[in-house]
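Chemist: First the structure, which I've put down as structure tokens, then a few questions once you've had a look.
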Amino acid sequence: MTALRAQPMLLTTTLCHPERARRFDKGDWERLVWQSRAAELMAQLQRVLADADILQKAPLAARRHLDLASTIAERHAFAVRSELRGLQRALQALDVPVLLLKGAAYTALSHRAAAGRIFNDIDILVPKSALRDVEQRLNWDGWFSLHTTVYDERYYREWMHEIPPLEHKNRGTVLDVHHTILPPTSGIRPDPGDLFAASIRLGGEWAFFHVLAPTDMVIHSACHLFFGEFHKGLRDLYDLHQLLSDFSVDTAFWTALVKRARSLDLALPVLDALTQCVRLYETGVPAAVTANLALSSSSPWPGWMRAWLFEQVLRPPHASAHDRSTRLAHWLIFVRSHWLRMPLPLLAYHLSHKLFVE
Amino acid sequence: MRIAQLAPAALAERLEGEGVLLPCGTFSVCIRSDIPALTSGLIQLYADFPVLDPHEVYVDFEVDVSAPTLMRRFLRPQVVLRCDGRVPFKPLPLGQAMPMLEWGLNWVISSHAHDHLVLHAAVVERGGRALVLAADPGSGKSTLCAALIHSGWRLLSDELTLVALSDGLIEPIVRPISLKNASIDVVRTLGPDVVISQVCHDTAKGSVAHMRPPAASVDAMNQRVMPAMLVFPKFATGSALRSEAVGPAHALIELTRHAFNASVLAAVGFDALCGFSEAVQSYRIEYGSFEQVLPEIDRLWQAQT
């Protein structure tokens, strides 16, 4: 088993071309199940295979894992909807817009990207001026800060784009309350007012909540992934693939996306996201769009190195998908994510605190 | 082929290379490790277990027990357990490699076997029907389980009772019995055939050791059983015997606390718990010695058959 060559593309190729799984042997199925579990994409994989009528070709044991993942994901979506109803009860007395981000937004939208997606925390965005009131209301409803050290408090309150994560005292659900989409210390400061102005109020059961406009939703998801540490890189990229495939049905979407990314000074992460979506999920992105974005993005890292880094870290976090350099690439990406998040003096201060004080 | 039929050197080589595929409840788990203590631990505790052929049997999980970093191989050596890209526990000192494997395998089952109700309970069988022992840690559940299998009961599990959601039958997870502190010496006195692993001191649970499961229980690991009786045991030194019947509603409430995956299963899990509580006769037994509790369990078991 150890002598086998790494299969970094097994999972993504199967998600794109489920029919190829017809020829899989027992070993392929085993690795597919392990990799999809490690990448937190198993329920999504189950759905793709079921839609393509391939599931019955799987060994019974593989199918058991896939079907269980799907059951758990359904139960998870049920729990998220119940948390959202609770948030509405806690916050509706305040007259402030509450915007759902990422997984919670996909769930409330019943978007394809929500299908099978398991996430550990719920993310919301509220105006900075309303933070105190929102936090107090949440406290009254049983949400309390997870971080109790003075340093962590300061780290979040002064430098980050969110308050310290809150945990519900009974259910253990974690809630991230953001006031903007990027850490102010990163130097890129999109105006949250702008995001609220363009946001969309949901209908029906979720009319209390807003979500980001399609362009902003893609840009936020891209920033979150490409400024981050890629822990759930393949999963987040699959979200992006689903969002892009859906939003681009509207022909005006691509032009709007390029324009918005440029005006927010975020062309580079969007370009990275589109490039990797095309490479791994064969997303239908017009060549003119990436060319246009490339004109307004620049990075201090050479192109070949970025390509190598992204190729390494956008693999399922499983030994059967890794080679000798994967660990190094992850370390470099970790350094890069901090580099992007803070100016150097602050970074030095933060790291020395983590190293020597804690 | 069984573990005992492999020479220690061959077993060690296999653990370091392609891995050793063992049955683990409803799963098969491939174990890899380069730690010598794990080889001797497997020989001691898993001697009667069949080694499965990875070319024939579907491999559900891969578990790797090794040093967390190169430095930790030499400097204050530690072990960490990895399962398919995940690390469920913080690293432990090297000497605790075997307990870590056992805890890791429990984690593999309790966090993935969601086509079952997973109860934190021991379960044994006699006459084709199961007796389930559910209790909080420290109540003497595993010790009582060890005593029962030395008086003729078959071991299904000392730690996790898997109740199939499909038909309510209990799935055996035959594995070593986990013993803590004073119970290690108590179990040692049960008989000359008792095999107990090396004791690990200073773990999170105090001193721990494991007892080899009887070969007959290992051989019968595929025989699922209908639940018949549920006991909430409570051992206290010097306690008098107190035994009382518990109604299904009370049994349900108490059992909910011992259900690992109730929140994952939600409504389906609640139905399974209700079905289980109604299918069994339940008792609460407080005791201070095996001489009190074993005849009492026998009496209740005879009375209901």
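Chains as they are written, first to last, in our numbering: chain A, 1 to 358; chain B, 1001 to 1305.
Where a beta carbon is used, it is the ideal one built from N, C-alpha and C, also for glycine.
Any residues in the segment 1086-1105 of chain B with a beta carbon nearer than 9 Å to a beta carbon of chain A? Which ones, in chain order?
Modeler: The segment 1086-1105 of chain B vs chain A, Cβ under 9 Å: 1086.
Chemist: Comparing the C-beta of residue 9 of chain A with each C-beta of chain B, is any distance below 8 Å?
Modeler: As a position in the first sequence, residue 9 of chain A is number 9, starting the count at 1. Not an interface residue.
Chemist: If contacts are defined as beta-carbon pairs under 8 Å, then residue 1307 of chain B and residue 1282 of chain B qualify, I think. What distance do you get, rounded to the angstrom?
Modeler: For chain B, the structure presents residues 1001 to 1305; residue 1307 of chain B sits outside this window and is missing.
Chemist: Give the interface partners of residue 318 of chain A over in chain B, defined as CB-CB distance under 8 Å, in chain order.
Modeler: Taking the first residue of the first sequence as 1, we reach residue 318 of chain A at position 318. Neighbours of residue 318 of chain A on chain B, chain order: 1084, 1085.
Chemist: Listing by chain order, which chain B residues have their CB less than 7 Å from the CB of residue 26 of chain A?
Modeler: Looking up residue 26 of chain A in the first sequence gives position 26. What residue 26 of chain A touches in chain B: 1058.
Chemist: Specify, as a first and last residue, the run of the alpha helix (DSSP H) that residue 167 of chain A falls within.
Modeler: On the first sequence, residue 167 of chain A is found 167 positions in, with the first residue counted as 1. Segment 166-168 is the beta strand (DSSP E) holding residue 167 of chain A; no alpha helix (DSSP H) there.
Chemist: Let me know if residue 170 of chain A comes out buried or exposed under the rule of 16 or more other beta-carbons within 10 Å of its beta-carbon.
Modeler: For the purposes of this step, residue 170 of chain A is taken as residue 170 along the first sequence, with counting starting at 1. Label assigned to residue 170 of chain A: exposed.
Chemist: Can you tell me which of the three DSSP states residue 28 of chain A falls into?
Modeler: Counting from 1 along the first sequence, the entry for residue 28 of chain A is found at position 28. Reduced to three states, the DSSP call for residue 28 of chain A is helix.
Chemist: What number of angstroms, rounded off, separates the C-alpha of residue 20 of chain A from the C-alpha of residue 49 of chain A?
Modeler: Here the question's residue 20 of chain A lines up with position 20 in the first sequence. Here the question's residue 49 of chain A lines up with position 49 in the first sequence. Spanning the two alpha carbons is a distance of roughly 10 Å.
Chemist: So, with DSSP's three-state summary, where would you put residue 1205 of chain B?
Modeler: For the purposes of this step, residue 1205 of chain B is identified with residue 205 of the second sequence, where counting begins at 1. Residue state, collapsed to three classes: coil.
Chemist: For residue 1090 of chain B, which of helix, strand or coil comes out of DSSP?
Modeler: One-based indexing of the second sequence puts residue 1090 of chain B at position 90. The answer is coil: DSSP assigns residue 1090 of chain B none of H, G, I, E or B.
Chemist: Can you tell me the Cα-Cα spacing of residue 236 of chain A and residue 1138 of chain B, whole angstroms?
Modeler: As a working note, residue 236 of chain A is residue 236 in the first sequence. As a working note, residue 1138 of chain B is residue 138 in the second sequence. Roughly 43 Å separates the two Cα atoms.
Chemist: Give the DSSP bridge partners of residue 1083 of chain B, in chain order.
Modeler: In the second sequence, the residue the question calls residue 1083 of chain B occupies position 83. Note: residue 1083 of chain B sits in a beta bridge opposite B:1063, B:1086.
Chemist: Hey, is the segment 1204-1212 of chain B in contact with the segment 1220-1234 of chain B, meaning 3+ C-beta pairs nearer than 8 Å?
Modeler: Contact between the segment 1204-1212 of chain B and the segment 1220-1234 of chain B is absent, because fewer than three Cβ pairs lie under 8 Å.
Chemist: Tell me, please, which residues DSSP counts as bridged to residue 176 of chain A.
Modeler: Along the first sequence, one-based indexing puts residue 176 of chain A at 176. Per DSSP, A:123.
Chemist: Give the DSSP-derived three-state secondary structure of residue 156 of chain A in the structure shown.
Modeler: Residue 156 of chain A sits at position 156 when you count from the first residue of the first sequence. Reduced to three states, the DSSP call for residue 156 of chain A is helix.
Chemist: Looking at the C-beta of residue 1266 of chain B, does it have a partner C-beta in chain A at a distance below 8 Å?
Modeler: For the purposes of this step, residue 1266 of chain B is taken as residue 266 along the second sequence, with counting starting at 1. True, the Cβ-Cβ gap to chain A drops below 8 Å.
Chemist: Can you tell me the Cβ-Cβ gap for residue 143 of chain A and residue 166 of chain A, rounded? I've got them flagged as a contact below 8 Å.
Modeler: Here residue 143 of chain A refers to the residue found at position 143 of the first sequence. Here residue 166 of chain A refers to the residue found at position 166 of the first sequence. That belief holds up - the Cβ atoms of residue 143 of chain A and residue 166 of chain A are roughly 4 Å apart, short of 8 Å.
Chemist: Could you name the residues of chain B that residue 72 of chain A contacts, counting a contact when the two beta carbons are closer than 8 Å?
Modeler: The count along the first sequence starts at 1 and reaches residue 72 of chain A at position 72. Correct list: 1114, 1264.
Chemist: Report yes if the C-beta distance between residue 174 of chain A and residue 121 of chain A is below 8 Å; otherwise report no.
Modeler: The residue you call residue 174 of chain A lines up with position 174 of the first sequence. The residue you call residue 121 of chain A lines up with position 121 of the first sequence. Taking 8 Å as the Cβ cut-off, residue 174 of chain A and residue 121 of chain A qualify as a contacting pair.
Chemist: Between A:282, A:253, A:252, A:289, which has its C-alpha nearest residue 268 of chain A's C-alpha?
Modeler: Against the first sequence, residue 268 of chain A aligns to sequence position 268. Of A:282, A:253, A:252, A:289, the residue nearest in Cα terms is A:289.
Chemist: Specify, as a first and last residue, the run of the beta strand (DSSP E) that residue 1044 of chain B falls within.
Modeler: For the purposes of this step, residue 1044 of chain B is taken as the residue at position 44 of the second sequence. Run containing residue 1044 of chain B: none in the beta strand (DSSP E); it sits in the alpha helix (DSSP H), 1036-1045.
Chemist: My guess is that residue 55 of chain A and residue 238 of chain A are in contact by the Cβ rule of under 8 Å, so how many angstroms apart are they, rounded?
Modeler: Counting from 1 along the first sequence, the entry for residue 55 of chain A is found at position 55. Counting from 1 along the first sequence, the entry for residue 238 of chain A is found at position 238. With a Cβ gap of about 19 Å, residue 55 of chain A and residue 238 of chain A do not count as contacting.
Chemist: Is the CB-CB distance between residue 1114 of chain B and residue 1264 of chain B below 8 Å?
Modeler: The residue labelled residue 1114 of chain B in the question sits at position 114 within the second sequence. The residue labelled residue 1264 of chain B in the question sits at position 264 within the second sequence. In this structure, residue 1264 of chain B lies closer than 8 Å to residue 1114 of chain B by Cβ.
Chemist: Could you name the residues that DSSP lists as bridge partners for residue 1155 of chain B?
Modeler: For this step, residue 1155 of chain B is matched to residue 155 along the second sequence. In DSSP, residue 1155 of chain B forms a bridge with B:1124.
Chemist: One question on the structure: do residue 296 of chain A and residue 262 of chain A come within less than 8 Å of each other, judged by their Cβ atoms?
Modeler: Walking along the first sequence from the start, residue 296 of chain A turns up at place 296. Walking along the first sequence from the start, residue 262 of chain A turns up at place 262. In this structure, residue 262 of chain A lies closer than 8 Å to residue 296 of chain A by Cβ.
Chemist: Please work out which residues of its chain come closer than 7 Å, Cβ to Cβ, to residue 1290 of chain B, disregarding the five sequence neighbours upstream and downstream, and give them in chain order.
Modeler: Counted from its first residue, the second sequence places residue 1290 of chain B at position 290. Only 1147 meet the Cβ criterion.
Chemist: Consider the Cβ of residue 1013 of chain B: report whether some Cβ of chain A lies at a distance smaller than 8 Å.
Modeler: The count along the second sequence starts at 1 and reaches residue 1013 of chain B at position 13. No, residue 1013 of chain B does not count as interfacial toward chain A.
Chemist: Would you kindly work out how many angstroms separate the C-alpha atoms of residue 1253 of chain B and residue 1269 of chain B, rounded to a whole number?
Modeler: Residue 1253 of chain B sits at position 253 when you count from the first residue of the second sequence. Residue 1269 of chain B sits at position 269 when you count from the first residue of the second sequence. For residue 1253 of chain B and residue 1269 of chain B, the distance between alpha carbons rounds to 13 Å.
Chemist: In chain order, what residues of the same chain lie with their CB nearer than 7 Å to the CB of residue 1177 of chain B, ignoring the 5 residues before and after it?
Modeler: Position 177 of the second sequence holds residue 1177 of chain B. Closer than 7 Å at Cβ, skipping near neighbours: 1142, 1145, 1146, 1158, 1210, 1211, 1213.
Chemist: On the three-state DSSP scale, how would you describe residue 1026 of chain B?
Modeler: Against the second sequence, residue 1026 of chain B aligns to sequence position 26. Coil.
Chemist: Mind checking which residues open and close the alpha helix (DSSP H) that includes residue 143 of chain A?
Modeler: For this step, residue 143 of chain A is matched to residue 143 along the first sequence. It is not in any alpha helix (DSSP H) - residue 143 of chain A instead sits in the beta strand (DSSP E) that spans 143-145.
Chemist: Is the CB-CB distance between residue 58 of chain A and residue 1058 of chain B below 8 Å?
Modeler: Locating residue 58 of chain A in the first sequence gives position 58, where the first residue counts as 1. Locating residue 1058 of chain B in the second sequence gives position 58, where the first residue counts as 1. Contact: no.
Chemist: For residue 1058 of chain B, which three-state DSSP category applies?
Modeler: Here the question's residue 1058 of chain B lines up with position 58 in the second sequence. Coil at residue 1058 of chain B, not helix or strand.
Chemist: Would you decide whether residue 1130 of chain B is buried or exposed? Buried here means 16 or more other CB atoms lie within 10 Å of its CB.
Modeler: Reading the second sequence from its first residue, position 130 is the one you call residue 1130 of chain B. Looking at its Cβ environment, which holds 16 or more other Cβ atoms inside 10 Å, residue 1130 of chain B is buried.
Chemist: What whole-angstrom Cβ distance do residue 108 of chain A and residue 84 of chain A have, given they're in contact under 8 Å?
Modeler: Taking the first residue of the first sequence as 1, we reach residue 108 of chain A at position 108. Taking the first residue of the first sequence as 1, we reach residue 84 of chain A at position 84. Residue 108 of chain A to residue 84 of chain A, Cβ: 6 Å. Contact.
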